[in-house]
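Protein chains in written order, with the numbering used here: chain A, 1163 to 1404; chain B, 1163 to 1404.
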DNA sequence: TCAGTTCATATAGCGTTGCTATAGGTGCTA
DNA sequence: TAGCACCTATAGCAACGCTATATGAACTGA
């Protein structure tokens, strides 16, 4: 009974639906729950929103405006690719902050209304990527880049939402983000396809690591650890191949 | 009435559910539809599968076996990164061929059963990435690479499913695919936003050695030595990012 | 051979769901 | 005051997921 009183029934329905949607961890939300919380009866809902999906669409529209506001909120840094990175992070953060709403927006429930929202989100990205393209920083068409980045962004966010909050490792996001931004940006050295030589082995890898370790003065191990480590490496790398 | 007759009711229920799930374009499928098509009554369903979700889980399990079979079907090319690319394409193709099943598997309906399937799919990728790592072709931990690639793969597939079949542009998939594979692979000129060029050779070598050691059961070290060795390797190979 | 047990299916119906046919109340303009 | 939109409530329908109970079929051990 939180929304009795001053607000018009339409608003009360919207807020009640949003609240129940946010609380119910993925479970279904019934119109009876919504109307009861809003303090109205069923026909009021259907008068204002047509049907249950219409109400949810309205909730999503409100959520999407919040999302768009977040995507536009920061001051442009002057470096479009940096701004793209912020948009990515904002996207992930929005998804983790409001997972239920995010799932309704970008998940696959109700596939009909999804494309419109995806297209809007794509537009936001593309807008920014156009600036990057204008600055000569883009390797591909802004539209293709936007689609690709958004797809990866959604995939990452869905995966993060799906796993328990305690285990969430945001490095998945940063790593994928940088990979995608790098892929569409210019100034990259060579391309991905080629592989070198072929089969490696414990020995080859050990030799490489040995050389690299001695050259770089890694501080990940103490000196005594390093000594023993190198001894083992030597033992491995001088043994017969397998 | 397609499944009357010879097959046992359990199989008839499974096939009826799969068929209705595939036909209904995203719409809900009722138990009454399923049982009617299977030619049985309601309690039979609940006797065999517990509840509706149990039946759907069984359908998903069957679909997932098909998916796994597809992921393993081709002969390894000897070039792990090429095989990763095939796995990506197979993933997308599976999603487009059976969108409803895919949405149940990788979409967000029923978030409880999702992580298990995602983990399995991740395992398939990681398995192959371990070979790449053993060959010194990987820039990051195979597990992280698998998570990142799978997230992007799911995101792309969902986006392709969401848009009308006529407008589907598979270039979105190939572009994102190559971007992700390139990002986790070695032999790239420099990397995205970060620097750390000096240490990266240590990291790559450590990752390769780690994978190779675990795969080869080397007998150059005692088991206790090996344990400590691997722990140090892990420390080195996870020390790069921030 | 036959009672006992288990498995598999059917009959009938419960409670809840999304939704609506109908009607009544409210406030505005003429 | 009459008329007319607009908004909301009463009551209830068909479809939903699911189950208490009962019946048949198949097997088991004496």
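Glycine included, every Cβ here is placed at the ideal spot set by N, Cα and C.
Where the alpha helix (DSSP H) containing residue i begins and where it ends
{"i": "residue 1335 (chain B)", "result": "1333 to 1346"}
{"i": "residue 1219 (chain B)", "result": "1214 to 1235"}
{"i": "residue 1255 (chain B)", "result": "1242 to 1259"}
{"i": "residue 1203 (chain A)", "result": "It is not in any alpha helix (DSSP H) - residue 1203 (chain A) carries neither H nor E in the DSSP assignment."}
{"i": "residue 1174 (chain B)", "result": "1171 to 1185"}
Interface flag, residue i vs chain B, CB-CB below 8 Å
{"i": "residue 1333 (chain A)", "result": "yes"}
{"i": "residue 1314 (chain A)", "result": "yes"}
{"i": "residue 1310 (chain A)", "result": "yes"}
{"i": "residue 1240 (chain A)", "result": "no"}
{"i": "residue 1338 (chain A)", "result": "yes"}
{"i": "residue 1254 (chain A)", "result": "no"}
{"i": "residue 1174 (chain A)", "result": "no"}
{"i": "residue 1276 (chain A)", "result": "yes"}
{"i": "residue 1325 (chain A)", "result": "yes"}
{"i": "residue 1344 (chain A)", "result": "yes"}
{"i": "residue 1317 (chain A)", "result": "yes"}
{"i": "residue 1294 (chain A)", "result": "no"}
{"i": "residue 1341 (chain A)", "result": "yes"}
{"i": "residue 1201 (chain A)", "result": "no"}
{"i": "residue 1298 (chain A)", "result": "no"}
Min CB distance residue i to chain A below 8 Å
{"i": "residue 1192 (chain B)", "result": "no"}
{"i": "residue 1280 (chain B)", "result": "yes"}
{"i": "residue 1357 (chain B)", "result": "Here residue 1357 (chain B) scores only 39 on pLDDT, less than 50, and its place in the model is too uncertain to base an answer on."}
{"i": "residue 1218 (chain B)", "result": "no"}
{"i": "residue 1257 (chain B)", "result": "no"}
{"i": "residue 1321 (chain B)", "result": "yes"}
{"i": "residue 1285 (chain B)", "result": "no"}
{"i": "residue 1212 (chain B)", "result": "no"}
{"i": "residue 1179 (chain B)", "result": "no"}
{"i": "residue 1223 (chain B)", "result": "no"}
{"i": "residue 1184 (chain B)", "result": "no"}
{"i": "residue 1233 (chain B)", "result": "no"}
{"i": "residue 1328 (chain B)", "result": "no"}
{"i": "residue 1306 (chain B)", "result": "yes"}
{"i": "residue 1302 (chain B)", "result": "yes"}
{"i": "residue 1170 (chain B)", "result": "no"}
Classification of residue i by the beta-carbon crowding that lies within 10 angstroms, buried from 16 upward
{"i": "residue 1347 (chain B)", "result": "buried"}
{"i": "residue 1269 (chain A)", "result": "buried"}
{"i": "residue 1186 (chain A)", "result": "exposed"}
{"i": "residue 1203 (chain A)", "result": "exposed"}
{"i": "residue 1129 (chain B)", "result": "A query on residue 1129 (chain B) cannot be resolved here, the shown segment of chain B reaching from 1163 to 1404 and no further."}
{"i": "residue 1225 (chain A)", "result": "buried"}
{"i": "residue 1303 (chain B)", "result": "buried"}
{"i": "residue 1194 (chain B)", "result": "exposed"}
{"i": "residue 1331 (chain A)", "result": "exposed"}
{"i": "residue 1209 (chain B)", "result": "exposed"}
{"i": "residue 1306 (chain B)", "result": "buried"}
{"i": "residue 1393 (chain B)", "result": "exposed"}
Residues that DSSP places opposite residue i in a beta bridge
{"i": "residue 1300 (chain B)", "result": "B:1347"}
Contact test: residue i Cβ vs the ligand HEM heavy atom, cutoff 7 Å
{"i": "residue 1232 (chain B)", "result": "Ligands are entirely absent from the displayed structure, and the ligand HEM is therefore not among its contents."}
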